[in-house]
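Encoded as structure tokens, the structure appears first; notes follow it.
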Amino acid sequence: MTQDHPAPARALGAEYAERLRRSYLNFRWPLFLLEPDEQTRPCLENGWTPIAAAAHVAYWDNYQLRRMQAAVEPHRKEPGPVSVETNDEMAAGENRSWDTVLGEADEARQALITFALSLTDDQIEAEYVDRGERSRIVKRLLEHMPKHVAEHAVDVHRYCFSTDRWSREQLFSFYRRHCNSLLDAITGLKEESCVTVPVSGNWTVRDLLAHILAWDEYVLELVKRWPDISSPDAQTSGQEIRREDELSHWASGDVDTVNARLHEARAELSMIEVLDGLTTCHRRIVSRCRRLSDEEMRTEVEYDAGEKGNVVNLLVSTSAHTADHAAEIYAARADGRLVPLRLPS
């Protein structure tokens, strides 16, 4: 009779994997904003080109992964990494295409995430021989790599979301374009389909739109207070301040908990009410932003846990959030889950 042994704990690996994922995404997603000529121009604050920054991140992700693998499995046949002469050596790898470099960066970070998930808690906490000395090298590097990419994300964000790069009208046009794309995604759909057909997990089109509305309302509350987001809207009287307007309504709990709470609070809204809320909220966000001074537009604020930026960053990231969910609706139309009404010919 065999004795069952409890599975080794892997909570730490999952925690580090999530840090690796989120920190890389924060570096990666603004790069889609760059024009081709910007990708190879030394426009970042540290004097690097964006393609060099991506190549650098990819190199060190791969290098430190191999270093950890060599520590955990010292008898691996694959040789350990050989140190480069300078920290910036791989930043010169601009003879490859933009897509190639970004592909390498994506693969290198995913390999790090997969490695973190493969480790038990004991393996992460253990000491290993690294460069002739015993240390908790695996834990130290798993803590360091999210910080490393975050350092380079700062340079990327400061350029991609610079108010020198974006005029007000360019920013508001970009924001409106993504709002309009969302509305285009539901054009011609029957209301019955919008409230019954799942398009994102168990969420229907109405659920997705209500989710977008919830976070747009958060953005509106932020720009009302900007840049002192800890204070209530200076133009709102005490009687008009509602509990729903408190920022803690969006910030209390992890992402899944917050989304579930926001979803429940808007569960009774009809399609018409959600759409009216979206168009009204979008209009008010732009109106509020127009009142901000140039200095206020430039001011960086930590408006989410670990997420700091100016108004450009806020509106562009909000547009990206809208675009992600609009893409889910377009995909549901493309695969036949959502069928638009056909006008008589």
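Each residue of the sequence shown is one higher than the one before, counting from 370 in this note's numbering. Think of the CB as a built atom: it goes at the ideal place given N, C-alpha and C, for glycine as much as any other residue. As the structure is a computational prediction, the values presented were derived from the model and not from experiment.
When the alpha-carbon of Val685 is set against those of Glu637, Glu586, Ala695 and Phe541, the nearest one is in Phe541. As the crow flies, the alpha-carbon of Glu676 is around 13 Å from that of Thr687.
Selection Arg436, Asp468, Ile555 and Leu434 evaluated against Ala424 yields Asp468 as nearest (Cα-Cα).
The alpha-carbon separation between Ala554 and Arg478 amounts to approximately 32 Å. Inter-segment contact for the stretch 660-669 and the stretch 503-521 is absent: fewer than three beta-carbon pairs are separated by less than 8 Å. Along the stretch 541-608, the alpha helix (DSSP H) occurs as fully enclosed runs of 4 or more residues at 560-565 and 574-594, listed in sequence order.
For the stretch 372-426, the continuous alpha helix (DSSP H) assignments of 4+ residues that do not extend past its boundaries occur at 380-397 and 405-408, in sequence order. In this chain, Ser662 is not harboured by any beta strand (DSSP E), its DSSP state being neither H nor E. Straight through space, the alpha carbons of Val627 and Ser569 are spaced by roughly 17 Å.
Taking all protein chains shown into account, Ile506 has 16 or more neighbouring C-beta atoms within 10 Å of its C-beta and is therefore buried. Here Glu496 is exposed, its C-beta having fewer than 16 other C-beta atoms within 10 Å.
DSSP lists Gly678 as the beta-bridge partner residues of Val670. Rounded to whole angstroms, the gap between the alpha carbons of Cys412 and Ala700 is 36 Å. Contact check for Ser562 against Leu707 passes: the beta carbons are separated by less than 7 Å. With fewer than 16 neighbouring CB atoms inside 10 Å of its own CB, Leu394 falls in the exposed class. One thing to note: Gly646 has its Cβ within 7 Å of the Cβ of Leu582.
Per DSSP, Val518 is not a residue of any beta strand (DSSP E); the alpha helix (DSSP H) it occupies stretches across Ile506 to Cys529.
In this structure, the beta-carbon distance from Leu577 to Cys650 does not fall below 7 Å. For Phe484 against Met514, the beta-carbon gap comes to about 10 Å, at or over 8 Å, which does not count as contact. Glu496 carries a coil assignment under DSSP once its states are collapsed to helix, strand and coil.
For Glu502, the secondary structure class from DSSP, reduced to helix, strand or coil, is strand.
By a beta-carbon distance limit of 8 Å, Arg527 contacts Glu414. Their separation comes to about 5 Å. The Cβ atoms of Leu389 and Leu471 do not sit closer than 7 Å to each other.
The straight-line gap separating the alpha-carbon atoms of Met640 and Gly705 is approximately 21 Å. In this model, His547 and Trp417 are separated by some 30 Å (Cα to Cα). Rounded to whole angstroms, Phe530 and Asp673 show a C-alpha spacing of 17 Å.
Around the beta-carbon of Lys593, 16 or more other beta-carbon atoms lie within 10 Å, marking it buried.
Within the same chain, Cβ atoms closer than 8 Å to the Cβ of Leu403 are found at Pro419 and Cys529, the five residues on either side in sequence being excluded. For Tyr385, the closest of Leu644, Leu486, Val680 and Ala579 by C-alpha to C-alpha distance is Leu486. For Arg445, same chain residues with a beta-carbon under 8 Å away, outside a window of 5 residues either side, are Gln438 and Ala439 in chain order. The C-beta distance from His580 to Leu631 rounds to 7 Å, short enough to fall under 8 Å.
Taking the Cβ atoms as the reference, Pro377 lies roughly 4 Å from Thr489, within the contact range of under 8 Å. Residues His547, Cys548, Leu551 and Ile581 of the same chain have their beta carbon placed closer than 7 Å to that of Thr691, with the five preceding and five following residues left out of the count. Rounded to the nearest whole angstrom, the CA to CA distance from Ala422 to Ala636 is 44 Å. Non-local C-beta neighbours of Leu661 in its own chain, meaning closer than 8 Å and more than five positions away in sequence, comprise Val592, Trp595 and Val680, ordered along the chain.
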